[in-house]
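Count along the sequence shown starting at 1, add 875, and that's the number in my numbering.
Shown next, in structure tokens, is the structure this report addresses.
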Amino acid sequence: MANAVTENDVRAYFSAALNEYLEISVPKVAETAHQRYRYIPAEDYAQAMWLGILTKPIRFSDPWDKGDYALVKVRLWDEVRKVTAADDRFRRSVRAAEAGYATDDIAFYSTGLISLLLPVMVEADWDVGAAMQRASSGVDAAGVFIRANDPFSGAENYQVMLIDLKAAWRKLTEGQRRLLTAYYSCNQEDTDDGRWERDGLAASMGLTGNALRVRVFRAVQRLQDELGGADPWRR
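This is the structure:
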């Protein structure tokens, strides 16, 4: 791969201990990721992680310096997921085109997209009109970029996404709706304040932060199923 980024490029940013941890962990995570998703070579996963580390070194050095070593591993996996999601979306788009669909015709509701839309609708109390008023026309709407072309063209398609989500929401159990409402009413930013607020919610439910995130993710997956699943064109 041209202009490959390696551990040598990032070594100067970090302590010896963090450098050693990354040099051991990056290849291991890359190999594990490749075993789970064999379309992408382990070397490409490793390259993505090193590039992510080089681009935003503080995302790795800050938790390491605070002793939060688990968060460093989580952020390595964040880089892996970005690469996997992009490759998976491309492959699904190709398969859809081969099946006679235009990629614009099919909404792929990823769990990540649903998680961006949920806070908007929770804040608007599931009023699509109110949610649309909060969206800046032609620019960023709750993290979903409204643009003129694929995959979601303009404010009209953003509105369709909200309508679809509202219809799927009605099919959840009351318990799932309460859980998602409570969770997505919290600060969703990856900051100390955001994590503190979400951990406080978990504690109020008698759960650990990880246990709460698992329950929320399962509820989001249920929404995804109601929206056609991860690969709706295949149905």
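Glycine is no exception: its CB is placed at the ideal position from the N, C-alpha and C atoms.
Residue i, DSSP secondary structure in three states
i, result
"residue 890", "coil"
"residue 1062", "coil"
"residue 941", "coil"
"residue 1001", "coil"
"residue 948", "helix"
"residue 1036", "helix"
"residue 1080", "coil"
"residue 1098", "helix"
Residue i versus residue j - alpha carbon distance
i, j, result
"residue 996", "residue 939", "35 Å"
"residue 986", "residue 1079", "25 Å"
"residue 1173", "residue 955", "This structure leaves residue 1173 out entirely; the chain is present only between 876 and 1110."
"residue 1041", "residue 1072", "26 Å"
"residue 943", "residue 937", "9 Å"
"residue 998", "residue 918", "42 Å"
"residue 906", "residue 914", "12 Å"
"residue 1009", "residue 1058", "20 Å"
"residue 960", "residue 1100", "18 Å"
"residue 1056", "residue 1095", "11 Å"
"residue 1064", "residue 1070", "8 Å"
"residue 1074", "residue 1083", "7 Å"
"residue 910", "residue 988", "25 Å"
"residue 953", "residue 1081", "27 Å"
"residue 904", "residue 1005", "43 Å"
"residue 1050", "residue 1007", "27 Å"
"residue 980", "residue 891", "Note that residue 980 scores 45 on pLDDT, short of 50, meaning its location in the model is unreliable and no value can be drawn from it."
Among the options, nearest to residue i - alpha-carbon criterion
i, options, result
"residue 947", "992, 1041, 897 and 1090", "897"
"residue 1003", "1035, 988, 1081 and 989", "1035"
"residue 1054", "1082, 1037, 1070 and 1090", "1090"
"residue 851", "1063, 955, 1066 and 1052", "A question about residue 851 goes unanswered here, because the residues of the chain that appear run from 876 up to 1110."
"residue 889", "906, 935 and 924", "935"
"residue 893", "920, 951 and 910", "951"
"residue 1044", "1033, 925, 993 and 891", "993"
"residue 823", "1086, 984, 988 and 1093", "Any question about residue 823 goes unanswered here, given that the chain covers just 876 to 1110."
"residue 1067", "941, 920 and 988", "941"
"residue 921", "902, 932 and 930", "902"
Contact under 9 Å by Cβ, residue i with residue j
i, j, result
"residue 1047", "residue 1088", "no"
"residue 991", "residue 1039", "no"
"residue 1061", "residue 1037", "no"
"residue 958", "residue 923", "yes"
"residue 1033", "residue 962", "no"
I'd like the ranges of any alpha helix (DSSP H) spanning at least 4 consecutive residues and lying wholly in the segment 895-941. Here the runs fully enclosed are 917-930 and 933-940.
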